[in-house]
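Undergrad:
There are 4 protein chains.
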Amino acid sequence: MKTHTPIRLGMVGGGKGAMIGEVHRIAARLDNRFALVAGALSTTPERNAESAAACGIASERTYDDFAEMARAEAARPDGIEAVSICTPNHLHFPVAKAFLEAGIHVICDKPMTSTLEDARALERIVAEADALFVLTHNYSGYPQLRLAREMVARGDLGALRLVQVEYAQDWLSEDSGSKQAAWRVDPEKAGAGGSIGDIGTHAWQLARFVSGMVPDRLAADLTSFVPGRRVDDNAQVMLRYASGAKGALWCSQVAPGSENGLKLRVYGEKAGLEWAHETPETLWVTRLGEPRQMLRRGAQTMAGSRVPAGHPEGFLEGFANIYAEAAEAIRAHQAGAPLQTLLPGIRDGVEGLEFVDACIRSARADSAWVEIGRD
Amino acid sequence: MKTHTPIRLGMVGGGKGAMIGEVHRIAARLDNRFALVAGALSTTPERNAESAAACGIASERTYDDFAEMARAEAARPDGIEAVSICTPNHLHFPVAKAFLEAGIHVICDKPMTSTLEDARALERIVAEADALFVLTHNYSGYPQLRLAREMVARGDLGALRLVQVEYAQDWLSEDSGSKQAAWRVDPEKAGAGGSIGDIGTHAWQLARFVSGMVPDRLAADLTSFVPGRRVDDNAQVMLRYASGAKGALWCSQVAPGSENGLKLRVYGEKAGLEWAHETPETLWVTRLGEPRQMLRRGAQTMAGSRVPAGHPEGFLEGFANIYAEAAEAIRAHQAGAPLQTLLPGIRDGVEGLEFVDACIRSARADSAWVEIGRD
Amino acid sequence: MKTHTPIRLGMVGGGKGAMIGEVHRIAARLDNRFALVAGALSTTPERNAESAAACGIASERTYDDFAEMARAEAARPDGIEAVSICTPNHLHFPVAKAFLEAGIHVICDKPMTSTLEDARALERIVAEADALFVLTHNYSGYPQLRLAREMVARGDLGALRLVQVEYAQDWLSEDSGSKQAAWRVDPEKAGAGGSIGDIGTHAWQLARFVSGMVPDRLAADLTSFVPGRRVDDNAQVMLRYASGAKGALWCSQVAPGSENGLKLRVYGEKAGLEWAHETPETLWVTRLGEPRQMLRRGAQTMAGSRVPAGHPEGFLEGFANIYAEAAEAIRAHQAGAPLQTLLPGIRDGVEGLEFVDACIRSARADSAWVEIGRD
Amino acid sequence: MKTHTPIRLGMVGGGKGAMIGEVHRIAARLDNRFALVAGALSTTPERNAESAAACGIASERTYDDFAEMARAEAARPDGIEAVSICTPNHLHFPVAKAFLEAGIHVICDKPMTSTLEDARALERIVAEADALFVLTHNYSGYPQLRLAREMVARGDLGALRLVQVEYAQDWLSEDSGSKQAAWRVDPEKAGAGGSIGDIGTHAWQLARFVSGMVPDRLAADLTSFVPGRRVDDNAQVMLRYASGAKGALWCSQVAPGSENGLKLRVYGEKAGLEWAHETPETLWVTRLGEPRQMLRRGAQTMAGSRVPAGHPEGFLEGFANIYAEAAEAIRAHQAGAPLQTLLPGIRDGVEGLEFVDACIRSARADSAWVEIGRD
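This is the structure we're talking about:
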């Protein structure tokens, strides 16, 4: 138990009816490292007031406009130290820009921006800002995936050969018309990528996080299965790494029976790893010729854990690990002693958009191999 | 999103080095329904001050003595509305008594007391108090177990025949000497029951919660496997219900490979249910002659959920459901409109101690069948 | 590949409509170590002729009477060398007696006899016979259970503390009236034990096979849930071993959702083992403080395997392992060089009936502890 | 129980040290529908004699040359009615040709031939032969995959959108030098495809068997990871169907921790199916918005079963289902009443080689989409 003064936090987006806003708030609250004190949560003034009140945000710190919020909070002596961005994708860029330029740390949902152009512009802004930028690729907060990364990094698998990653859902199998669904299938709000932006970027980031490698080429086949849908809802992607390693990425939002099926398998010359989101506390490891081992959160790893092995932890705890680590990094930054962390950030964000961009370029070229990040 | 004013909460016990104290704090915080403002967390003044500071409790509301805390907080206009009790078992009774008599709601860890006598005395106190008493049998907060209860209650299984429940751990397989372990194997602090009190009562409560029935007789065989241990670390118990149903309860803290293995199976004339703690979001249901069904949190049930199916939730969320429901009940009580809830309370506590007592009586009589609650 | 002359095999019982007869025939055939050449398969002459023809048995070696078959086959120069007994339980004794006394090796289904008296009488007959007696407790033919036995025997688990075994089915949840069901619930044919004889003896034998220990006392609660049933269809049994180890055995034929759910868990001071029939090729092993290991047939064990890891083997292969080993033993016996094997035999049979007998004695004494084999 | 006269069977290849030969023999024997009476099992006369003796084949029907065997057996009044071909791939064609032209039914291991040219030549021979040709794509013998096929065919899934199939192994992760491995990585014996021929064709056939569709285009990336290996040991393949459905096929022999990991997922507008080889008796089905169902061999399907649900069946039983069905088909053919069956045959074989051929053409064109079967 260490004593921490909670970081003053604001939030943009994530008001009533937004699942991900509540996720950010719980994650921020779980370890008592943040206090939510300001917000521009919803788009209409009435909804906004209502959302803010429900979050316990005082009315004088409830803003109808994010730019005004950035200005006003930067000016207050007790202004927010960090802001969480939970808007639809196309607003991530202007909001992040406003707060970073006001010297306020940013914790931003993914995909980072709706265009690669924005992503690169944001990269330049981050480079010059006196504030941290954290991207909530929350899956990298799972302890067993941190362990997986460590095993790869220290050579337990030998030279890597294969990275198989997938993320399958079924909730967009039909045109549901829900609010959650609506903006995700609208290219003006989500960006040109549908499933590749919404969940493909998670799979992409996770594969990189664990393998330590970014593919240099990909070949993609994108599909929109639901009639009238303007963005992809399924993608088959083949991957090539500079080292000679190969891989595949499959993401889908039209696979009935798939809840939130993120799965990663990494194979090297000497061993293989397997992790699936439905059992996030288990990392399977097999060294060639040896029995399969089941490495468990809380038994083989304790970092990032709140309760011992056998007391299931999951999505919110993994998400909260990102927030807790962001709190550490922010406090260290304020103390002038920047931390080395595993936090996903601006680089992950740019790479995510490079992935989306490359998928679209390849798909337009009838799945030809394209170089990633060399558009 | 509804607007809630957090309930002012105090805590007794649960200071540095106590796993369960942190669990209560996270559960209280998760839904923003409680604010921890006072405490008597540790036994020495220095540790206590340190623990309180780490929890953000002001020094003037940090108490070295729980009785003083009950008095002082009851006298404050902004005094705590509820208290969480996370001490070793033998202190649950005096602490609960002090706060209940001060009109402060109590949220108490289990087993409720260290003796059946205390449990019954507490039952009388609760009956007369103008305050609620909640017992954190947290497993009953899991949505899929609530669903199981509902299915049994509405007759999906037909008349029940069998209740098989078990709770196996391995962390006391050796004499570890850890602080967590120390008081649990000390009959002065834990009570006469070892594993039967610590985890057997959880299994017992859960079987009752789901089946809706309490056995009227049991036959038990208690064992202390670790040399020098003064309480049981393993129990085999056979159960008989008044209806003619039968059952078995096994609890063990010396079963290598068992993390926190709570498992419940209930069988009726028409169908069977199965639930295991390692996959808490899944309830298995089989109707005779039909395929097995996998009922999932977030897909088939949403109550008590924070994120959709496929985003794993677990122990802390289930625990937080008890806290969230306690908050509802407290606010309703304050409004003079008591709620009907599924919250575990004084009855579960008394029954738990009756179970422990019956096990000990049966064990002393060479596993003879004894009546439960008729000592 | 070794050259083997198939052993000439006869069969008593197991005609049309009998599941277990076909299982024995497939098991005998699988490794080409037996040729079925004589039989008394069904009870009426017409059915018998039909059954024999379907098995390719010549009409002159199709017998309506097992005693006549024993005499006639013993007299033929090309007479059967071994006989498989697949009748209802109450006939096992007279049939086995007839063939053993004729010097013909016996492979008998379980439970060995319908009474303990018969079991002991058979034990004396076997002791004097110049023929082998094999009891098809087939589960002990699974490679991973052989591995489990070996690990216990060589001390990998340290001193054993706990043996938890269960065998749950649901096919007798209702009064189905099927032929398979009919004799099993008729005490004149099945013996005094219902589920305890039919599947409890399997669980009992397996626990002994792996642990290497037989309990010396048990306390049992037997129930007949289906109205009108004259034998038990559910049993809760607590076990005590001379060493101080404890255990529990649960068998049930009224547990909806349970197919053929045999499960064994053995815990010692240093490690625990877990095996379940639904995944028979996997043995789970956990040494205290180490990751759980998944030991797989074909990967970590090859003995008793026909195909490599990942090519699922199951019930018939395990059963065939008993037959293959019986063939080895028979040939060795004929060569005057008796083998040491792990084959279940007369001792397992007597112990099985001692288990049934003890359960019934304990149940009559209101679940008092009774000594096993000391009636 | 029906009476069957066993079919007289010969075998070419599959002598000592060949895993697959023993598999064919067990499968042929399991249901007593075949009797092995002739063979040309091994390549040297000594080994051949030894192999034949071990199989109980008389020396006068042990042949050193398959052509001689075809001639001699065709001439005998009691000559073989069918032959099993278990040689390395490149010999499948000449052997099949010899026996088909001799009017002897052929049961051939896969892939059907080592070149597409041979496959097409064989197709013409089969068309003109008065004998059946069965290809042992054994996975289509699993009852739950037959059920899957049926569900797709009757529209339970609605229009299909996605077919994800994979087959991962790890046994060629290193250059082991085993006999099993040696010919599989020799393009002269295996054909131009390595993993795509050996296991990719299985995945391909299975996807077609269940979905009822053959892709019309594919894009493939083939890799040889093990230094010096002359054929692919890993393939990523993207699939396009004429209907607009998409798919992916991954096969690998260098994925540590993968035993024999065949897995199929099929998604339609209304429902999804999932099957994995490690639990072959379970078919998972999810209709959009409904609970996941676990359909079990022996409970929901009985065809192709030998024992009830819960008695695990596996690889050999599935393989034996192909043999049993071949026996039915052969007897019907002999009776002049040809059967409609689901037996894999010449078409599956040609399609398999078309798949291999298309993969190689695509790989040579830097993974361009190529038409399948239009070389």
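Residue numbers (my numbering), protein chains in the order written: chain A, 251 to 625; chain B, 251 to 625; chain C, 251 to 625; chain D, 251 to 625.
We put the CB at the ideal spot given by N, CA and C, even for glycine.
In this text, all values refer to a predicted model and were calculated from it rather than measured experimentally.
Taking C/A511 as part of the beta strand (DSSP E), name the residues at either end of that continuous run.
TA: This sequence places Gly at residue 511 of chain C; Ala is not what is there. Where C/G511 is concerned, the enclosing beta strand (DSSP E) stretches over G511 to G518.
Undergrad: Does DSSP classify B/H452 as helix, strand or coil?
TA: Helix at B/H452.
Undergrad: Check the Cβ of B/G511 against every Cβ in chain A and list those closer than 8 Å, keeping chain order.
TA: Correct list: G560.
Undergrad: In whole angstroms, what is the alpha-carbon distance linking B/S461 and B/W534?
TA: If I take the Cα positions, the gap works out to 15 Å.
Undergrad: Would B/Q486 pass as an interface residue toward chain C - the criterion being a Cβ-Cβ separation below 8 Å?
TA: Closer than 8 Å: yes.
Undergrad: Going by CA-CA distance only, name the one from A/A485, A/I354 and A/L366 that's closest to A/P646.
TA: In this structure chain A extends from 251 to 625, so residue 646 of chain A is not present and cannot be described.
Undergrad: Which whole-angstrom value is the C-beta distance of C/A521 and C/L407, which I expect to be below 8 Å?
TA: 5 Å between Cβ atoms; contact.
Undergrad: Going along chain A, which residues have a C-beta under 9 Å from C/R537?
TA: None at all; the shortest Cβ gap to chain A is about 11 Å.
Undergrad: Just the chain B side, please: which residues come within less than 9 Å of A/L523 by C-beta, in chain order?
TA: Here the premise fails: no neighbours, minimum Cβ distance about 19 Å.
Undergrad: Where in the segment 252–311 of chain D do unbroken runs of the alpha helix (DSSP H), each at least 4 residues long, occur, reported from the N-terminal end onward?
TA: With a minimum length of 4 residues, the continuous alpha helix (DSSP H) runs that stay inside the segment 252–311 of chain D are 269–280 and 295–304.
Undergrad: Closer than 8 Å, Cβ to any Cβ of chain D: which residues of the segment 448–461 of chain A, in chain order?
TA: From the segment 448–461 of chain A, no residue has a Cβ closer than 8 Å to chain D.
Undergrad: Indicate the three-state DSSP secondary structure (helix, strand or coil) for D/D471 in the structure shown.
TA: Strand.
Undergrad: Which residues share a DSSP beta bridge with D/W525?
TA: Note: D/W525 sits in a beta bridge opposite D/L514.
Undergrad: If contact is defined by three or more beta carbon pairs under 8 Å, each pair taking one atom from either stretch, is the segment 445–461 of chain B in contact with the segment 557–564 of chain C?
TA: The segment 557–564 of chain C vs the segment 445–461 of chain B: no contact.
Undergrad: Provide the residue(s) that pair with B/I572 in DSSP beta bridges, ordered along the chain.
TA: In the DSSP output, where bridge partners are listed per residue, B/I572 has none listed.
Undergrad: Between the segment 395–407 of chain D and the segment 475–485 of chain D, do at least 3 Cβ pairs fall closer than 8 Å?
TA: No: fewer than three Cβ pairs fall under 8 Å.
Undergrad: Please state whether the Cβ-Cβ distance between C/Q486 and C/A470 is less than 8 Å.
TA: Taking 8 Å as the Cβ cut-off, C/Q486 and C/A470 qualify as a contacting pair.
Undergrad: Interface residues of chain A around D/S502 at Cβ under 7 Å?
TA: Going along chain A in sequence order, the residues near D/S502 (Cβ under 7 Å) are L412.
Undergrad: Could you check where the beta strand (DSSP E) with D/S493 kicks off and where it finishes?
TA: Careful: D/S493 lies outside any beta strand (DSSP E) and carries neither H nor E.
Undergrad: So is D/D281 buried or exposed if we call it buried at 16+ other beta carbons inside 10 Å?
TA: When all chains shown are included, D/D281 counts as buried.
Undergrad: For A/M488, which residues from the same chain have a beta carbon less than 7 Å from its beta carbon, with the 5 sequence-adjacent residues on both sides left out?
TA: Excluding positions up to five away in sequence, the list reads L468, A469 and A498.
Undergrad: Which residues of chain B have a Cβ atom closer than 8 Å to the Cβ of C/T532, listed in chain order?
TA: The premise fails here: C/T532 is roughly 13 Å from chain B at the closest Cβ pair, so nothing lies under 8 Å.
Undergrad: Can you tell me the Cα-Cα spacing of B/N571 and B/V557, whole angstroms?
TA: The straight-line gap from Cα to Cα measures roughly 13 Å.
Undergrad: If you measure beta-carbon to beta-carbon, which residues of the segment 285–317 of chain A are closer than 8 Å to chain B?
TA: Cβ contacts with chain B: E300, S301, A303, A304, C305 and G306.
Undergrad: Within the 8 Å Cβ cut-off, does D/S423 reach chain A?
TA: It does; some Cβ of chain A falls within 8 Å.
Undergrad: Who are D/N484's beta bridge partners in DSSP?
TA: DSSP lists D/T473 and D/S502 as partners of D/N484.
Undergrad: How would you label D/P530, buried or exposed, when you count the other beta carbons within 10 angstroms and need 16 or more for buried?
TA: Result: buried.
Undergrad: List, in order along the chain, the chain B residues whose C-beta lies closer than 8 Å to that of D/R542?
TA: Within chain B, the residues near D/R542 are Q543, M544 and R546.
Undergrad: Three-state secondary structure (DSSP) at B/Y417?
TA: Here B/Y417 sits in strand by DSSP.
Undergrad: Do we get a CB-CB distance below 8 Å when we pair C/Q590 with the residues of chain G?
TA: In the structure shown, chain G does not exist; the protein chains are A, B, C and D.
Undergrad: Can the beta-carbon of A/G260 be found less than 8 Å from the beta-carbon of A/E323?
TA: Contact: yes.
Undergrad: What's the gap between the Cα of B/G554 and the Cα of B/Y389?
TA: Going by the C-alpha atoms only, they are around 12 Å apart.
Undergrad: Taking C-alpha atoms, which residue in C/T337, C/A453, C/D482 and C/V333 lies nearest to C/K429?
TA: Residue C/T337 is the option with its Cα nearest to C/K429.
Undergrad: So is D/P256 in contact with chain A if we call contact Cβ pairs under 8 Å?
TA: Not one chain A Cβ lies under 8 Å of D/P256.
Undergrad: Taking contact to mean 3 or more Cβ pairs, one atom from each stretch, closer than 8 Å, check whether the segment 607–621 of chain A and the segment 605–624 of chain D are in contact.
TA: Yes, since at least three Cβ pairs between the segment 607–621 of chain A and the segment 605–624 of chain D fall closer than 8 Å, the two stretches touch.
Undergrad: Looking at chain A, which residues of the segment 556–585 of chain B have a Cβ within less than 8 Å of any of its Cβ atoms?
TA: Listed by position along the chain: R556, V557, P558, A559, G560, H561, P562, E563, G564, F565, L566 and E567.
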